[in-house]
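Residue numbers (my numbering), protein chains in the order written: chain L, 437 to 609; chain U, 19 to 782; chain X, 154 to 446.
All residues carry an ideal CB built from backbone N, CA and C; glycine is no exception.
Small disclaimer: the values here were computed from a predicted structure and weren't measured.
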């Protein structure tokens, strides 16, 4: 078999608030580049075909599955990963804080993707119904939580941002 | 002593996980690792005659191609069971690292080691395998017939195991005049765990030993299996388990650790990694046993049971893995849940050419409850009794003791749980209201209970070891062989340790990673045992540590140890409550003493020779769109008596997860097989219908807390029980709504279409 | 990492056409949600790719001077759903593509990709068929327009010729004016699923809302490619609005549909769902058009 000539391209983009540049193999996915070249462990591989949402990143403010996005397409884009959500002093965002408070985290593998999508949703400043939130979050699969506490967490963060009282959940214990 | 236990402490790993910093297996692997990919059989049954690797070897970047002709001639078991020193009770050793005799479509026949994943994938496509094809069989009962394909040598009629239960005299009892016979066949599907992190591992050699870092629930067991598979002394293998992205029983098996370890040894101990793709996870890891259950009940018109018979056929798939334990557990629950004086039960575990079935959340009980609880509602329909009344009359009574496990039902768990669930759902009113509806949209409510137990005693070893190491500042590290797999055991352990030792929660540092070189021996996460068994060793080890601390306090303060206490990290004189010094001051002084420096630790193993029933129920409410053949789950309530809650918020979260898995089991999830080739047709997350965010109603979890007398913390199983009863509750709700009794799950639109046509609800 | 032989990134439509001519074997990649998945599966492994992903000139929705609604081929599903022109003139298309996969897929998936892969289950396809969409292709000889029904040749094969790329989907004014439609995606899950059957109906009622002037219905997964049920359309045209008409309209779709038995669903089940969906979508369309049922 003939030796493949690896094709490289230099990509310049904005990652979590700073300009970056990498020369990458054009065959790389954005997941590959973020994990391998930037060691961003929040970008997870769960299916590599856009079905689970674990590799979600924000590109120009919209959520994308980075597994089915070529690294070279990052050229000129603003990309945000979960690493960019955390405050510079390690302070959790309101969404992250709500996930902790509502026990919305179990194995933690789907968590980064959910948090990023929730950030995108809440950036609109709108108040959503449960049904709308379920749809907006439906691009992520989770096997641990039954999605229940994730919904509670996102709602809690939403109400806090809107300056409203979050609903109380009855503990049937 | 309870200050932390019972509180909603935040998870100890919450920060790391919510920031994406928590390290899972692949996060720890050096980017320079060689990549291993497995070449899989494209037939369901047969022998590999030859493998041509020449083209694959010329692919640039390929380091080595290994085949089933190269592997050690060792068959090994994979089940995540404690090893038995009695050969008669050891797990079945029936597979090699790569197999010449292939037994399912997707079996491992060769492995490529390459410099990158693309080269490995190209090489896989270039491998040419020549097979001698044999007939295959996918159905357990078909596989038992004479003349069926022989899947493992020496295993007559492919029966891996058979076991039975006999009580009283079924044959005579069923002759009683006036009995009503209710008979049903109930089918449950092959499903997969679908943890979001696929199994993967990497291996390298260091200091003459093989090190494997792996996504597993059972590091110490994996060490033994890797050593057995490679023919190494067990101490030559070291397993490290970091955070894992879910397991649900799939990772309670040695999966690809043995092959990955062996591949490293074949390239001079270089770092190699083997990551399963999602598609491989569906086919070539483990699945839940599909079980077909035949139940006959002879019932008196007053609703009492005269005689019952159960036959269960468990589809083991290609390899033994956990084998017979799964269906046997379900079978053994049958006479206990609804005690009846005359019972005959038989269960068979049968090899077929499906993917190997192993452990999965519920371990046979979701299957048994789908069959058993569906059957109870079929009885109710036949004799005209309400499902609630029948259960109140026949369920295991308070004071019942199981002869084998010595488990006792100490409290009226079933009635208390059912009362709570009934109230939450307004079940009785709705049950009446939903009778005899007409029209295309109909609603229904359903109920199902479940039987569960805690840990594996007396079938197998139950012990728990832990180590506590005190730091200079009075905080401590806590280590145990029982693993965090997402369920939250690290957090509840911290709470228990804080209370048992007498220090603040913030001073407990759980070492989450298990490393077989340093972690005390423990068999890992399974059998809903961790909180229960961990409690024993935590109490015992804390006691030993406290004794050491108080003796040192005596040395340092000249007060008799018996007069001292350790409270909230302070050494306190009991008589007047005076704080003599902090634990940190004590530890610092002890460690840096010029006269008698002491490293303050404790480490013990607790023997757990008990088990505990853990019961509960589900209530479901559905809306059925008959022309569209669709079921909308409106409400689902689970009620559990898992004893005292250590962390109510995490307990509730566990229940949600189990309910979610069971919704899929009841309504949508099923691996489908091509009858012509035996290939899995839908082994990906698009075609396998795992519930999404939009497929669930609000999940309602409730608890009844009767402290378990055998547990030092009053706790018992909760990990698996939530997955056991929702599917039959949904099924029974559909029965209430439509009058149609469905005898299989998942209850998909395809099934409803057939059943509604049969029932005349849909005309063509 | 994807097993691709080479990647050519087009800088403009003209550049894409030139690349197509220079690399006739290469596969066009727009959003990537189909091509990359197939490449990973091994189906397109080792292929050359021409990426048109960055061509903003064919992204977005606008009105041509003659009133034709122009949807640039690279417009993502989520942008279609949110677009005010779509909402005003063909809201059902926005609703249909809002049921593709999940939110992330709707951000990456494009209407051009959804139609060029020639798949019968595509959520956009039945609505585009039902609204007589026109496909615009740009090639070395300029622009070519083709009715969408002719664009689909057979399962997985569409009429894109040498050097061409699809640049827009057009909805003529005559097609959308005073039309109201409804789409029913029948799937096994409420998200992240492909359609077991897709049904798109639209109607134009008389000024008094009493009569159906025109009814159109198209299905996905009722045949190897998306198809129209013309017998039902003819039956309904000129008829007074009634529930009984909805029933007859729905039964008539059986004249034209031809779903197959597959492991995903049986033929008789799909036919049953097609009839029920046609009825419901017809009723909803009439209601949206202001009809009284």
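Integer Cβ distance of residue i from residue j, believed to fall under 8 Å
{"i": "residue 308/U", "j": "residue 268/U", "result": "Actually they do not touch by this definition, with Cβ atoms about 16 Å apart."}
{"i": "residue 343/X", "j": "residue 710/U", "result": "6 Å"}
{"i": "residue 397/U", "j": "residue 351/U", "result": "No, residue 397/U and residue 351/U are not in contact; Cβ-Cβ is about 17 Å, not under 8 Å."}
{"i": "residue 588/L", "j": "residue 555/L", "result": "That belief does not hold up - the Cβ atoms of residue 588/L and residue 555/L are roughly 17 Å apart, past 8 Å."}
{"i": "residue 598/L", "j": "residue 563/L", "result": "6 Å"}
{"i": "residue 490/L", "j": "residue 549/L", "result": "5 Å"}
{"i": "residue 160/X", "j": "residue 202/X", "result": "5 Å"}
{"i": "residue 523/U", "j": "residue 27/U", "result": "6 Å"}
8 Å Cβ shell around residue i - same chain, five flanking residues per side excluded
{"i": "residue 379/U", "result": "211, 266, 267, 676, 679, 737, 738 and 741"}
{"i": "residue 296/X", "result": "289, 290 and 320"}
{"i": "residue 19/U", "result": "The pLDDT assigned to residue 19/U is 46, lower than 50, so where the model puts this residue is not dependable; a value taken from the coordinates is nonetheless given after this. Closer than 8 Å at Cβ, skipping near neighbours: 517, 518 and 520."}
{"i": "residue 551/U", "result": "473, 480, 481, 482, 500, 624 and 626"}
Cβ-based neighbour list, residue i, same chain, cut-off 6 Å, excluding 5 preceding and 5 following
{"i": "residue 413/U", "result": "432"}
{"i": "residue 25/U", "result": "none"}
N- and C-terminal bounds of the beta strand (DSSP E) containing residue i
{"i": "residue 221/X", "result": "Segment: none, residue 221/X is in no beta strand (DSSP E) and carries neither H nor E."}
{"i": "residue 488/U", "result": "481 to 488"}
{"i": "residue 760/U", "result": "Premise fails: residue 760/U is in no beta strand (DSSP E) and is neither H nor E."}
{"i": "residue 383/X", "result": "First-last for residue 383/X: 383 to 389, but that is the alpha helix (DSSP H), not the beta strand (DSSP E)."}
{"i": "residue 494/L", "result": "492 to 495"}
{"i": "residue 598/U", "result": "597 to 600"}
Neighbourhood of residue i by C-beta distance below 7 Å, restricted to the same chain and skipping five residues each side
{"i": "residue 471/U", "result": "423, 425, 629, 630, 631, 632 and 735"}
{"i": "residue 41/U", "result": "260 and 261"}
{"i": "residue 227/U", "result": "254, 255 and 256"}
{"i": "residue 354/U", "result": "414, 420 and 469"}
{"i": "residue 530/U", "result": "31, 261, 502 and 508"}
{"i": "residue 609/L", "result": "Unreliable placement is indicated for residue 609/L, whose pLDDT of 42 sits below 50; the coordinate value is still reported in the next sentence. The answer is none, since no qualifying residue turns up."}
N- and C-terminal bounds of the alpha helix (DSSP H) containing residue i
{"i": "residue 282/U", "result": "275 to 284"}
{"i": "residue 446/U", "result": "445 to 451"}
{"i": "residue 392/U", "result": "383 to 401"}
{"i": "residue 396/X", "result": "396 to 405"}
{"i": "residue 344/U", "result": "343 to 355"}
{"i": "residue 237/U", "result": "237 to 248"}
{"i": "residue 550/L", "result": "547 to 558"}
CB contact check: residue i to chain C, cutoff 8 Å
{"i": "residue 733/U", "result": "In the structure shown, chain C cannot be found, because the protein chains are L, U and X."}
Query raised in the report: For the segment 257 to 270 of chain U against the segment 113 to 127 of chain U, are there 3 or more C-beta pairs whose distance is under 8 Å?
Result: no
Requested in this report: Report yes or no: do three or more beta-carbon pairs, one from the segment 560 to 580 of chain L and one from the segment 695 to 715 of chain U, lie closer than 8 Å?
Outcome: yes
Query raised in the report: Using a Cβ cut-off of 7 Å, which residues of the segment 662 to 690 of chain U contact any Cβ in chain X, in chain order?
Result: 686 and 690
Query raised in the report: If you pair each beta-carbon of the segment 226 to 237 of chain U with each one of the segment 304 to 324 of chain U, do three or more pairs fall below 8 Å?
Result: no
Query raised in the report: At a cut of 8 Å, does the segment 291 to 304 of chain U reach the segment 70 to 78 of chain U through at least three beta carbon pairs?
Result: no
Query raised in the report: Is the number of C-beta pairs between the segment 606 to 620 of chain U and the segment 467 to 483 of chain U that are closer than 8 Å three or more?
Result: no
Report task. Say whether the segment 594 to 605 of chain U touches the segment 454 to 461 of chain U, bearing in mind that this needs 3 or more beta-carbon pairs closer than 8 Å, one atom from each stretch. Result -> no
Query - Positions along the segment 539 to 558 of chain L whose CB lies within less than 8 Å of some CB in chain X - result: 553
Requested in this report: Could you run through the segment 22 to 53 of chain U and flag, in chain order, every residue whose CB is less than 9 Å away from some CB of chain L?
Outcome: 26, 28, 29, 31, 32, 33, 34, 35, 36, 37, 38, 39, 40, 41, 42, 44, 45 and 49
**Report entry** Residues from the segment 412 to 433 of chain U in contact with chain L, defined by Cβ distance under 7 Å
**Finding:** none
Query raised in the report: Going along the chain, which residues of the segment 459 to 483 of chain L sit with their C-beta nearer than 9 Å to a C-beta in chain X?
Result: 461, 462, 463, 464, 465 and 468
Report task. Could you say if the segment 755 to 775 of chain U and the segment 277 to 287 of chain X meet the contact criterion of at least three C-beta pairs nearer than 8 Å? Result -> no
Query raised in the report: How about the segment 583 to 601 of chain U and the segment 633 to 646 of chain U: do they share at least three Cβ pairs that are nearer than 8 Å?
Result: no
Query raised in the report: Are the segment 487 to 496 of chain U and the segment 521 to 530 of chain L touching by the rule of at least three beta carbon pairs closer than 8 Å?
Result: no
Query raised in the report: Using a beta-carbon distance cut-off of less than 9 Å, what residues from the segment 737 to 769 of chain U approach chain X?
Result: 766, 767 and 768
**Report entry** Positions along the segment 577 to 595 of chain L whose CB lies within less than 9 Å of some CB in chain U
**Finding:** 577, 578, 579, 580, 581, 582, 583, 584, 585, 586 and 587
**Report entry** Contact the segment 257 to 265 of chain X vs the segment 498 to 507 of chain L: 3+ CB pairs below 8 Å
**Finding:** yes
Requested in this report: With 9 Å as the C-beta to C-beta threshold (strictly closer), list the residues of the segment 697 to 719 of chain U near chain X in chain order.
Outcome: 699, 700, 703, 704, 705, 707, 708, 709, 710, 711, 712 and 713
Query raised in the report: Would the segment 138 to 156 of chain U and the segment 360 to 371 of chain U be scored as touching if the rule is three or more Cβ pairs under 8 Å?
Result: yes
Query - the segment 119 to 126 of chain U in contact with the segment 48 to 59 of chain U per 3-pair CB rule at 8 Å - result: yes
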